[in-house]
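Residue numbers (the numbering used here), protein chains in the order written: chain A, 8 to 112; chain B, 3 to 306. Built from N, CA and C at the ideal position, the CB exists for glycine as well. Below is one structure; the comments refer to it alone.
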């Protein structure tokens with residue numbers, strides 16, 4: 008957990024750093040991008056994303072919003088999950104990704 | 003029609019990590035921990051006179067386990083048992099629960115477990131009953147005095163609303179209607195307050211929030227300060243609802259259950275013959291968030 012990993016967001020191909028101990032959602036928000044998220048407690052499930060490659064610590068989340076089957080298909084809750092390797096994530100419309108430009112460095 | 007239910011007595015909320023979440027409920031929300039048994043902790047606001055109003059139970063998911071309403075008199079439990087029979091509602095009798103007496107348990111059409119009970123151990127509030135101060139100095143965090151109401155989701159809200167109105171004799175303070183007049187959401191009361199229970203569209207058994215009283219403008223902003231100091235995720239507020247006129251802060255517990263501070267200078271009182279206020283669907287945004295005049299993305303989609 009002490010390494011900085013990179014997160015590649017598809018379909019944009021954008022590459023972000025994820026600081027040690029940071030969740031995927033937090034890394035995306037810190038990069039200045041916005042995605043749709045809810046309770047940030049692993050309870051509501053609206054921040055669900057799909058992992059294409061890499062490994063995660065899934066964190067603690069509600070089994071009512073992320074089934075074992077979904078998890079096998081690569082889904083995870085971005086507000087809880089932390090990378091344990093570099094990741095590639097496939098975003099969909101439900102993630103409502105946008106980058107306003109205000110925070111672009 | 004006499005009042006037979008005095009208030010929302012207690013809610014049981016699921017926690018993904020009880021020790022972690024207790025820190026939030028005790029040190030941020032400021033509830034009093036009154037007991038712990040197995041995987042459940044029992045809590046109450048400082049001004050509540052019975053053993054508990056919140057049960058927090060560790061589980062593999064978030065959300066609501068049950069809501070329980072307290073009857074005014076012991077006989078009212080018999081009255082509602084007869085009524086459940088008359089309406090053909092299947093129920094079970096729970097002989098006793100933690101520091102609580104006999105209860106009737108049944109499933110509402112909204113998919114929620116509902117209980118009615120009367121007896122619960124009387125503990126008194128945190129103040130002496132002779133020459134009391136207005137509030138105890140020992141409070142932590144927001145220091146909420148009591149549970150106010152809960153709001154839950156139902157796939158067919160009008161069916162669930164009708165059940166609570168007809169079988170349990172809830173009165174309606176406010177209703178949000180579709181263009182054809184069908185209730186989409188309703189605010190239902192038993193105490194002479196804006197609501198004890200509200201129902202909005204959503205998944206069966208969904209838990210939108212439980213609300214605790216915060217009853218002055220000073221206390222509202224102090225509550226927001228405390229939530230922010232503790233880095234609690236605030237969903238909305240401080241603000242005001244069009245519906246009920248109550249002041250609000252929506253925020254999440256660490257397991258993602260939404261909680262609310264509710265009340266203040268504007269929430270009204272009901273009379274027995276008060277008639278419902280109607281909100282039309284095209285005004286839903288201001289009905290929910292009076293100042294913002296638009297729904298945030300999470301109000302209708304984020305719940306546990």
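Nearest-angstrom Cβ-Cβ length linking residue i and residue j, presumed shorter than 8 Å
i                     : j                     : result
residue 188 (chain B) : residue 201 (chain B) : 6 Å
residue 223 (chain B) : residue 196 (chain B) : Going by Cβ atoms, the distance from residue 223 (chain B) to residue 196 (chain B) rounds to 21 Å, so no, they are not a contact pair.
residue 263 (chain B) : residue 225 (chain B) : 5 Å
residue 96 (chain B)  : residue 117 (chain B) : 7 Å
residue 237 (chain B) : residue 254 (chain B) : 6 Å
residue 103 (chain B) : residue 121 (chain B) : 3 Å
residue 52 (chain B)  : residue 119 (chain B) : Rounded, the Cβ-Cβ distance is 10 Å, inconsistent with contact.
residue 67 (chain B)  : residue 8 (chain B)   : Not really, about 21 Å apart at Cβ, beyond 8 Å.
is_contact[residue i, chain A] using C-beta, thresh 8 Å
i                     : result
residue 21 (chain B)  : no
residue 30 (chain B)  : no
residue 305 (chain B) : yes
residue 300 (chain B) : yes
residue 260 (chain B) : yes
residue 224 (chain B) : no
residue 62 (chain B)  : yes
residue 235 (chain B) : yes
Residue-chain proximity (residue i, chain B), Cβ-Cβ < 8 Å
i                     : result
residue 53 (chain A)  : yes
residue 70 (chain A)  : yes
residue 47 (chain A)  : yes
residue 8 (chain A)   : Legend: pLDDT at residue 8 (chain A) = 49, less than 50; position of this residue unreliable, value from coordinates given subsequently. Residue 8 (chain A) does not count as touching chain B.
residue 112 (chain A) : Model confidence at residue 112 (chain A) stands at a pLDDT of 49, short of 50, so the residue's coordinates are unreliable; what they give is reported in the following sentence. No, residue 112 (chain A) does not count as interfacial toward chain B.
residue 98 (chain A)  : no
Close-in-space but distant-in-sequence residues of the same chain around residue i (CB under 6 Å, 5 per side omitted)
i                     : result
residue 25 (chain A)  : 12, 14, 34, 90
residue 194 (chain B) : 271, 272
residue 306 (chain B) : 64, 65, 209, 258, 259
residue 72 (chain A)  : 52
residue 156 (chain B) : 112, 162, 201
residue 50 (chain A)  : 69
residue 89 (chain B)  : 169
residue 66 (chain A)  : 87, 88
residue 55 (chain B)  : 12, 46, 149
residue 94 (chain A)  : 14, 61
residue 41 (chain A)  : 105
residue 142 (chain B) : 29, 32
residue 32 (chain A)  : 44, 54, 85, 86
residue 74 (chain A)  : none
8 Å Cβ cut-off: residues of chain B touching residue i
i                    : result
residue 67 (chain A) : 18, 19
Buried versus exposed call for residue i [16 or more other C-beta atoms within 10 Å across all chains shown]
i                     : result
residue 96 (chain A)  : buried
residue 137 (chain A) : There is no way to answer for residue 137 (chain A), as the model of chain A reaches only from 8 to 112.
residue 114 (chain B) : buried
residue 131 (chain B) : exposed
residue 22 (chain A)  : exposed
residue 174 (chain B) : buried
residue 107 (chain A) : exposed
residue 12 (chain B)  : buried
residue 147 (chain B) : buried
residue 277 (chain B) : exposed
residue 16 (chain B)  : buried
residue 126 (chain B) : exposed
residue 133 (chain B) : exposed
Contacting residues, own chain, Cβ-Cβ under 8 Å from residue i (five flanking each side not counted)
i                     : result
residue 34 (chain B)  : 28, 45, 46, 47, 48, 128
residue 112 (chain A) : Legend: pLDDT at residue 112 (chain A) = 49, less than 50; position of this residue unreliable, value from coordinates given subsequently. Closer than 8 Å at the Cβ level, and outside the excluded window around residue 112 (chain A), lie 39.
residue 8 (chain A)   : Low per-residue confidence applies at residue 8 (chain A): pLDDT is 49, beneath 50, and the placement is therefore not dependable, though the value from the model is reported in the following sentence. Here the set comprises 27, 28, 64, 89, 91.
residue 235 (chain B) : 253, 254
residue 19 (chain A)  : 98, 104
Chain-ordered neighbours of residue i on chain A, where CB pairs are closer than 9 Å
i                     : result
residue 172 (chain B) : What residue 172 (chain B) touches in chain A: nothing, since even the nearest Cβ is about 27 Å away.
residue 65 (chain B)  : 50, 69, 71
Amino acids of chain B, ordered along the chain, whose beta-carbon sits closer than 7 Å to that of residue i
i                    : result
residue 82 (chain A) : Ordered by position in chain B, no residue passes the 7 Å Cβ test against residue 82 (chain A), which lies about 16 Å from the chain.
Chain-ordered neighbours of residue i on chain A, where CB pairs are closer than 7 Å
i                     : result
residue 256 (chain B) : 48
residue 68 (chain B)  : What residue 68 (chain B) touches in chain A: nothing, since even the nearest Cβ is about 16 Å away.
Cβ neighbours of residue i in the same chain (closer than 7 Å, five flanking residues each side left out)
i                     : result
residue 53 (chain A)  : 43, 44, 45
residue 186 (chain B) : 159, 178, 179, 180, 203, 283
residue 280 (chain B) : 177, 179
residue 81 (chain B)  : 6
residue 43 (chain B)  : 20, 24, 35, 58
residue 138 (chain B) : 48, 128, 129
residue 10 (chain B)  : 69, 71, 149, 151, 152, 198, 199
residue 145 (chain B) : 32, 48
Within chain A, partners of residue i - CB distance below 8 Å
i                    : result
residue 25 (chain B) : Correct list: empty, because the minimum Cβ distance to chain A is about 13 Å.
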